[in-house]
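The sequence shown begins at 3 in this note's numbering and counts up one residue at a time.
Structure, as structure tokens:
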Amino acid sequence: MSRENTTDPELALASQLLEAITASWKSQVLYVAAELRIADLLANGPRASSELAAMTGTHPPSLRRLLRGLAAIGVCSETDADVFGVTPLGALLATDAPLSLRSWTLWWGTSLRDSWGSLLYSVRTGSSARRMLTGMEGFDHLANDPEQAATFNRALVELTRLVTSAVLDCCDFAGVRRVADVGGGHGEMLMAVLNKHPSVSGMLFDLPHAVECARQRFAEAGLLARCEFLAGDFFEHVPAGADVYLLKSVIHDWDDAKGRILLQNCRRAAGKNGRVLVVEQILPDKVEQRAMHQSLMRSDLSMLVAHGAGERTQAEMLALVQSAGLRVTRVLPTRSTFSVIEAVAG
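As structure tokens, this is what we get:
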């Protein structure tokens, strides 16, 4: 098609596609801003770019260009010649912001960036790009990298914090004495349960690198005495002794075979009178061009490149839960992209 025959609607579509093609520039700009703690440095007011460069040990003209890029996407504001402030949006990159997303930005800009770079490999094979790149499966790569493990677990805290109230508003903990958070990382969801239900005690079960940091967080929140911290491999066993077994964003990390083993272990731990609550994002049967569906498919493809796994439709999730010998009693949609699948021993 010649340029002379191109219509305005076609040009608009080309511009739309170009924006999508080059969208990764935004995540990398945000990653660098998070790494340099730009939002923290601007928390008390605007600063000159040269001052920020001195504070961050960066090349002044190049940092100014980064700041102008951040201004273009609404994270910073250029308040005067070479003077920059942080916007309410950008303030969410601050380390101590109530809804901080700094650790998730760091995780996306490093580990997930590398995995996404090999999406073609995962699409061709159905296998984890991370495993291909690192030679390690699941979360094994975190065992000997405390810094990355801490970033990952803080990132999960940040994402979980966004949906805790929506999830807990749907869950019934009447008569519950003890809740086990299986694969709960630093325990953000379990902390929310304990804060909302003062009579409930908790059990956090995850890998050692997650459990030790969780213990410190619970101590700082005044919840240490109400929670037991156990480290182990949930594919080998899940500790008994809780009335409710909570798995939030755990099943989507694994294929059906491993997901089934994990759910079977939770069923055995829960016994005849316990419940299993599976909290996961549910894929639509038909994808449409909507912001929520884009979020869901981004997560689904992230699970593909990271673990060779993925999100599931409601039918797929129910089939998996039932294949583990559990009987689904309720499916509770939330006001977020997550649903709660409640199940008991079949």
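Cβ atoms here follow ideal geometry from the backbone N, Cα and C, with glycine treated the same way.
Next item on the list: Taking residue 331 and residue 345 to be in contact with their CB atoms under 8 Å, please state how far apart those CB atoms are, rounded to whole angstroms.
Entry: The C-beta separation of residue 331 from residue 345 comes to about 6 Å, placing the pair in contact by the 8 Å criterion.
Note to self: Assuming residue 273 is part of the beta strand (DSSP E), what are its boundary residues?
What the structure shows: From DSSP, residue 273 is part of no beta strand (DSSP E); its letter is neither H nor E.
Checklist line | Option nearest residue 57 by Cα separation, candidates 184, 38, 197 and 171 | finding: 38
Notebook entry, point to check: Should residue 255 be listed as close to the ligand HEM, given that the test is whether its C-beta is under 6 Å from any heavy atom?
Noted result: With respect to the ligand HEM, the structure shown offers nothing to examine, as it has no ligands at all.
Next item on the list: Using beta-carbon positions only, say whether residue 205 and residue 182 come within less than 7 Å of one another.
Entry: yes
Checklist line | residue 411, buried or exposed, once every other Cβ within 10 Å from all chains shown has been counted against 16 | finding: This structure leaves residue 411 out entirely; the chain is present only between 3 and 348.
Checklist line | Presumed contact (8 Å Cβ cut-off) between residue 211 and residue 298, rounded CB distance | finding: Their Cβ separation, rounded to whole angstroms, is 29 Å, which puts residue 211 and residue 298 out of contact at 8 Å.
Next item on the list: Kindly indicate which residue of 266, 269, 342 and 52 has the alpha-carbon position closest to the one of residue 84.
Entry: Checked all of 266, 269, 342 and 52; the closest Cα to residue 84 is 52.
Notebook entry, point to check: Which residue comes first and which comes last in the alpha helix (DSSP H) that contains residue 134?
Noted result: 131-136
Checklist line | Nearest-angstrom beta carbon gap, residue 169 and residue 342 [assumed within contact, 8 Å] | finding: 6 Å
Check: Quick one: complete beta strand (DSSP E) runs, 3+ long, within the segment 250-318?
Finding: Every beta strand (DSSP E) of 3 residues or more that sits fully in the segment 250-318 is shown, in chain order, as 277-285.
Check: In terms of DSSP beta bridges, what is residue 178 paired with?
Finding: None, per the DSSP bridge assignment.
Next item on the list: Starting from the Cα of residue 139, find the closest Cα among 327, 311 and 329 and give me that residue.
Entry: 311
Item checked: Best match in 237, 278 and 253 for proximity to residue 245 [C-alpha to C-alpha] -> 278
Note to self: Does residue 300 pass the burial test, meaning 16 or more other C-beta atoms within 10 Å, or should it be called exposed?
What the structure shows: Looking at its Cβ environment, which holds fewer than 16 other Cβ atoms inside 10 Å, residue 300 is exposed.
Next item on the list: Rounded to whole angstroms, what's the CA-CA distance from residue 252 to residue 305? Just pull it up for me.
Entry: Roughly 11 Å separates the two Cα atoms.
Notebook entry, point to check: Under three-state DSSP, which class holds residue 204?
Noted result: strand
Note to self: For a quick check, are the C-beta atoms of residue 309 and residue 255 less than 7 Å apart?
What the structure shows: Remark: C-beta atoms of residue 309 and residue 255 approach each other more closely than 7 Å.
Check: By Cβ distance below 7 Å, which residues in the same chain neighbour residue 173 in space, the five residues on each side in sequence not counted?
Finding: 279 and 342
Notebook entry, point to check: Counting pairs of Cβ atoms below 8 Å between the segment 223-241 and the segment 149-166, do you hit three or more?
Noted result: no
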